[in-house]
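J.: I have a structure I would like to understand better, so I am pasting it below and will then ask my questions one at a time.
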Amino acid sequence: MKDGTREDYELLARLEKPFLALTADRVLDELRRAGETSLEGYRITRLDHGLQSATRAERDGADLDWIVGALLHDIGDGLAPQNHDRLSAEVIRPFVRWDVAWVVEHHGIFQMLYYGHHYGWDRNARDRFRDHPCFDSCATFCERWDQSSFDPDYDSLRLEHFEPMVRAVFGRKAHDPAVIREGFVSALPA
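All letters in the sequence shown, in the order written, are residues 1 to 190 by UniProt numbering.
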């Protein structure tokens, strides 16, 4: 890489543009794959779980970043189940507000409140983030939109409903400070 010229890198940037423009398509394809099978023991697919989470967020009056964050919060599960939360956050981080990415990144440890004790884990491990400005947002996200979204009878909106939202988010300029708003914590709907 160190031997590349400015012209080389300008060429690469130009050639990468079509690939980058298809990011939303790749994300939507991964969501569709998540709907093809269910994890053993679960009554719904990972896609169904994301759709339920996003539907709950939308019905609660959440904004675009929260809805897409809810839809994609487990998108890393198929590739990295042991750290899916961090992988999922990295997928969305360049395109959503800072607080939404932080919540997605940390939802796994916050979810342990509901089940960690069954494995002998510290169900209150999230308390180490008690002073973080996104603590309440993450706790609310998990309570209202994540842990409750494993209901096979829930009337979720279909992926087609959320597709324009995914395209809008991934159509943004990556790492745009006006979108990311580092340090800003948005209010979740009451």
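Where a beta carbon is used, it is the ideal one built from N, C-alpha and C, also for glycine.
Would you kindly work out how many angstroms separate the C-alpha atoms of HIS161 and ARG172, rounded to a whole number?
T.: For the purposes of this step, residue 161 is identified with residue 161 of the sequence shown, where counting begins at 1. For the purposes of this step, residue 172 is identified with residue 172 of the sequence shown, where counting begins at 1. So the alpha carbons of these two residues sit roughly 19 Å apart.
J.: Once you ignore the five residues that flank THR140 on each side, which residues in its own chain have a CB closer than 6 Å to its CB?
T.: Counting from one through the sequence shown, the residue named residue 140 turns up at place 140. Counting only Cβ-Cβ distances below 6 Å, and skipping sequence neighbours, we find LEU188.
J.: How many Å lie between THR45 and GLY35 at the Cα?
T.: Counted from its first residue, the sequence shown places residue 45 at position 45. Counted from its first residue, the sequence shown places residue 35 at position 35. THR45 and GLY35: Cα-Cα distance of roughly 5 Å.
J.: Quick check on residue 194: buried or exposed, where buried means 16 or more other Cβ atoms within 10 Å of its Cβ?
T.: Residue 194 is absent from the model: the chain starts at 1 and stops at 190.
J.: Report buried or exposed for HIS106, applying the criterion of at least 16 other Cβ atoms within 10 angstroms of its Cβ.
T.: Looking up residue 106 in the sequence shown gives position 106. The residue is buried, with at least 16 neighbouring Cβ atoms inside 10 Å.
J.: What alpha helix (DSSP H) runs, 4 residues minimum, are completely inside the stretch 23–71?
T.: Whole alpha helix (DSSP H) segments, 4+ residues: 23–34 and 46–59.
J.: Taking the alpha-carbon of LEU31 as reference, which of PHE150, ARG130 and LEU47 has the nearest alpha-carbon?
T.: Stepping through the sequence shown from its first residue, residue 31 is reached at position 31. If we check each option's Cα against that of LEU31, LEU47 comes out closest.
J.: Whole angstroms are fine: how far does the CA of LEU157 sit from the CA of ALA13?
T.: Residue mapping note: residue 13 aligns to position 13 of the sequence shown, counting from 1. Residue mapping note: residue 157 aligns to position 157 of the sequence shown, counting from 1. So the two alpha carbons sit approximately 37 Å from each other.
J.: One question on the structure: do PRO152 and ARG43 come within less than 8 Å of each other, judged by their Cβ atoms?
T.: Within the sequence shown, numbered from 1, the residue matching residue 152 stands at position 152. Within the sequence shown, numbered from 1, the residue matching residue 43 stands at position 43. Yes. Within cutoff.
J.: If you draw a straight line from the C-alpha of MET112 to the C-alpha of GLU16, how long is it?
T.: Stepping through the sequence shown from its first residue, residue 112 is reached at position 112. Stepping through the sequence shown from its first residue, residue 16 is reached at position 16. So the alpha carbons of these two residues sit roughly 40 Å apart.
J.: I'd like to know whether the C-beta atoms of GLY108 and HIS132 end up nearer to each other than 8 Å.
T.: Position 108 of the sequence shown holds residue 108. Position 132 of the sequence shown holds residue 132. It is not a contact, given that the beta carbons lie outside the stated cut-off.
J.: Measure the alpha-carbon distance for PHE150 versus SER53 and round it to whole angstroms.
T.: On the sequence shown, residue 150 is found 150 positions in, with the first residue counted as 1. On the sequence shown, residue 53 is found 53 positions in, with the first residue counted as 1. About 9 Å.
J.: Below 8 Å on the Cβ atoms is my guess for TRP98 versus GLY183; work out the distance and round it to an integer in Å.
T.: The count along the sequence shown starts at 1 and reaches residue 98 at position 98. The count along the sequence shown starts at 1 and reaches residue 183 at position 183. Indeed they touch by this definition, with Cβ atoms about 7 Å apart.
J.: Taking the alpha carbon of SER186 as the reference point, which residue from ALA57, VAL100 and PHE170 has its own alpha carbon closest?
T.: What you label residue 186 is simply residue 186 of the sequence shown in a count that begins at 1. Of the listed residues, the one whose Cα sits closest to SER186 is VAL100.
J.: Kindly indicate the opening and closing residues of the alpha helix (DSSP H) around MET1.
T.: Position 1 of the sequence shown, counted from the start, is the residue given in the question as residue 1. Segment: none, MET1 is in no alpha helix (DSSP H) and carries neither H nor E.
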